[in-house]
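Heads up: the structure comes next, in structure tokens.
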Amino acid sequence: MTLFPQPYINATALSVTRKAQPAGDPSSWIQLSANESAFGASPLVHDALAKASQRPELYPEPSSAVLRKALSETFGFSPDSLICGNGSEAIIETIYRCYARPGDEVVFSRHSFIQFRIFADRVGAKAVLTDETDHHTDIDAILAAITPRTKIVVVANPNNPTGTVLPTSEIRRLRDALRPDIVLLLDSAYAEYVADPAYTAGHELVEGTENVIVTRTFSKAFGLAGLRVAWAHGPQSMIAILNRMRQIGNVGALAQAAAVAALQDMAFMRNAVAETAVLRAALSRQLEALGFASLPGHGNFLCTAFADSRAAHAFLLERGIILRPIEDYDLAGFLRITVGTAEQNAALVAALTEYAQSAAA
Numbered sequence: 016m017t018l019f020p021q022p023y024i025n026a027t028a029l030s031v032t033r034k035a036q037p038a039g040d041p042s043s044w045i046q047l048s049a050n051e052s053a054f055g056a057s058p059l060v061h062d063a064l065a066k067a068s069q070r071p072e073l074y075p076e077p078s079s080a081v082l083r084k085a086l087s088e089t090f091g092f093s094p095d096s097l098i099c100g101n102g103s104e105a106i107i108e109t110i111y112r113c114y115a116r117p118g119d120e121v122v123f124s125r126h127s128f129i130q131f132r133i134f135a136d137r138v139g140a141k142a143v144l145t146d147e148t149d150h151h152t153d154i155d156a157i158l159a160a161i162t163p164r165t166k167i168v169v170v171a172n173p174n175n176p177t178g179t180v181l182p183t184s185e186i187r188r189l190r191d192a193l194r195p196d197i198v199l200l201l202d203s204a205y206a207e208y209v210a211d212p213a214y215t216a217g218h219e220l221v222e223g224t225e226n227v228i229v230t231r232t233f234s235k236a237f238g239l240a241g242l243r244v245a246w247a248h249g250p251q252s253m254i255a256i257l258n259r260m261r262q263i264g265n266v267g268a269l270a271q272a273a274a275v276a277a278l279q280d281m282a283f284m285r286n287a288v289a290e291t292a293v294l295r296a297a298l299s300r301q302l303e304a305l306g307f308a309s310l311p312g313h314g315n316f317l318c319t320a321f322a323d324s325r326a327a328h329a330f331l332l333e334r335g336i337i338l339r340p341i342e343d344y345d346l347a348g349f350l351r352i353t354v355g356t357a358e359q360n361a362a363l364v365a366a367l368t369e370y371a372q373s374a375a376a
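This is how it looks when you write it as structure tokens:
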């Protein structure tokens with residue numbers, strides 16, 4: 016007999032695996048495809064990990080109580096309005112499982128995080144992709160796509176992989192126009208990097224509602240991508256439902272300890288964000304001087320246009336530099352470039368200078 020998996024699986028992009036890799040020693044590769052922090056984690060995190068790792072036989076505290084308390088003290092939200100997860104993807108998928116089912120619709124911008132589509136497939140819901148304006152999420156297009164079957168609207172702000180942002184006023188307009196039986200999920204994974212005064216992560220939009228939730232992560236600005244720890248802030252009624260559906264002990268003991276320590280060193284995170292902004296602006300200027308224009312980015316990455324993105328990607332792979340092709344995001348003419356260290360960025364610019372010269376020959 017033949018086993019038949021769910022029909023959507025074969026059509027699902029392998030977004031969770033690193034794709035093409037260079038030849039040679041992996042220690043020499045320049046990895047600029049996964050939006051990992053170029054600055055790592057705070058020294059306090061490393062100290063916490065060294066202490067926590069002494070008791071690996073113990074299960075983690077199942078509700079992340081100490082971490083939720085630390086988040087509450089840092090951001091001012093009630094611990095009962097917070098939930099933690101094994102990366103923000105795990106929290107988002109739990110939201111889908113709680114609020115969408117076969118026949119329902121999930122609405123989001125066309126070039127949003129690819130997992131938004133995959134999660135809809137997993138629960139049998141229909142993914143409704145809306146058009147964008149200059150690679151920005153278009154709130155009017157989202158509102159026009161709402162039907163009686165809509166159960167979840169997702170907005171990544173800043174958006175991945177484009178890096179573009181919307182002012183909070185636009186998100187508020189969307190919230191106020193939605194039916195109360197539609198979940199508004201704001202994915203603010205890159206919020207720490209945004210300096211635009213018109214932007215907020217969206218937490219104030221949760222207050223007074225029963226249907227708005229904001230997801231955040233320690234993977235990016237805090238440098239904890241390898242530990243998979245994130246959190247969300249929402250109405251207590253929604254958090255109680257999500258807690259019934261999440262996995263038991265869904266955040267490991269090391270991840271909890273590291274996240275608590277990271278919150279004790281916000282200065283380290285802010286310095287990493289400031290340095291990233293300087294490097295991002297410099298890299299964008301250097302790429303544009305070579306003829307490779309980037310979208311206005313507000314994360315720790317750039318979405319950069321190439322006349323032949325496949326050729327550019329292959330050229331860089333041969334030199335041990337890994338970028339993220341985003342054809343699976345319907346952005347075939349672009350590559351997503353993580354902002355690396357100054358040395359990594361210099362190596363990338365040197366390689367692309369060589370590429371541009373060879374392409375012009």
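Numbering (this note's numbering), first residue to last: 16 to 376.
Every residue gets a Cβ at the ideal spot worked out from N, C-alpha and C, and that includes glycine.
Near residue i, which residues of its chain fall below 8 Å by C-beta distance, leaving aside the five closest residues on each side in sequence?
i      : result
Ser373 : Phe330
Leu269 : Leu64, Ala67, Ser68, Leu242
Val31  : Model confidence at Val31 stands at a pLDDT of 49, short of 50, so the residue's coordinates are unreliable and nothing is read from them.
Pro250 : Ser96, Val221, Thr224, Glu225, Asn226, Val227, Ile228
Pro37  : Trp44, Leu332, Glu333, Arg334, Gly335, Ile336, Ile337
Gln359 : Ile45, Leu47, Ala53
Excluding the 5 residues preceding and the 5 following residue i in the sequence, name in chain order all residues of the same chain whose CB lies nearer than 7 Å to its CB.
i      : result
Ser324 : Pro340, Ala347, Gly348, Phe349, Leu350
Gly139 : Arg116, Pro117
Ile106 : Ile98, Gly100, Thr230, Ala245, Ala247
Ala274 : Leu82, Phe233, Leu239, Val244
Ala134 : First, the residue type needs correcting, since residue 134 is Phe and not Ala in the sequence shown. Closer than 7 Å at the Cβ level, and outside the excluded window around Phe134, lie Ile107, Glu108, Tyr111.
Thr356 : Ala53
Ser79  : Cys99, Val266, Gln271
Ala192 : Leu158
Arg188 : Ile154
Ser203 : Asn172, Ala216, Gly217, Val229, Thr230, Arg231
Start and end of the alpha helix (DSSP H) containing residue i?
i      : result
Val358 : According to the sequence displayed, residue 358 carries Glu and not Val. Taken as a continuous stretch (DSSP letters only), the alpha helix (DSSP H) holding Glu358 covers 357-375.
His61  : 58-67
Thr109 : 103-114
Arg137 : 130-138
Ala268 : 268-278
Which residues in the same chain have their Cβ closer than 6 Å to the Cβ of residue i, if we skip the five residues on either side of it in sequence?
i      : result
His150 : Thr177, Thr179, Leu310
Gln377 : No statement about residue 377 is possible, as the shown extent of the chain runs from 16 to 376 and does not include it.
Asn175 : Phe128
Leu181 : Thr152, Asn172
Ala142 : Val121, Arg132, Ala135
His218 : Val229, His248
Ala156 : Thr145, Asp146
Thr353 : Leu47, Asn50, Phe316
Could you tell me the boundaries of the beta strand (DSSP E) in which residue i lies?
i      : result
Thr230 : 227-232
Arg259 : No beta strand (DSSP E) holds Arg259; the alpha helix (DSSP H) holding it covers 251-260.
Ile161 : Counting along the chain, Ile161 falls outside any beta strand (DSSP E), and DSSP gives it neither H nor E.
Ser124 : 120-124
Which residue or residues does DSSP assign as beta-bridge partners of residue i?
i      : result
Trp246 : Cys99, Arg231
Pro77  : None; Pro77 has no bridge partner.
Pro195 : Paired residue(s): none; Pro195 is not in a bridge.
Asp170 : Looking at the sequence provided, one finds Val at residue 170 rather than Asp. Bridge partners of Val170: Leu201.
Arg339 : Arg351
Ala142 : Val121
Thr148 : His151
Gln387 : Examination of residue 387 is not possible in this model, given that the chain is present from 16 through 376 alone.
Thr165 : Glu120
Counting only C-beta atoms, is residue i closer than 8 Å to chain C at any point?
i      : result
Phe349 : No chain C appears in the structure shown, which is made up of a single protein chain.
field: Three CB pairs or more closer than 8 Å across the stretch 221-232 and the stretch 183-201
entry: Between the stretch 221-232 and the stretch 183-201 there are three or more C-beta pairs closer than 8 Å, enough to call the two in contact.
- prompt: Are the stretch 128-143 and the stretch 277-295 touching, with three or more C-beta to C-beta distances below 8 Å?
  reply: Short answer: they don't touch.
field: Within the stretch 287-334, ranges of the alpha helix (DSSP H) (whole runs, at least 4 residues)
entry: Complete alpha helix (DSSP H) runs here, min 4: 324-333.
task: Decide yes or no for the touch test of the stretch 207-225 against the stretch 80-87: beta carbon pairs closer than 8 Å, at least 3 of them.
output: The stretch 207-225, when compared against the stretch 80-87, does not touch it at the 8 Å Cβ threshold.
message: Three or more C-beta pairs under 8 Å: does that hold for the stretch 49-59 against the stretch 228-240?
response: Taking 8 Å as the limit for Cβ pairs, the verdict is that the stretch 228-240 does touch the stretch 49-59.
query: Okay, do the stretch 97-110 and the stretch 249-268 touch, 3+ Cβ pairs below 8 Å being the bar?
result: Contact between the stretch 97-110 and the stretch 249-268 is present, because at least three Cβ pairs lie under 8 Å.
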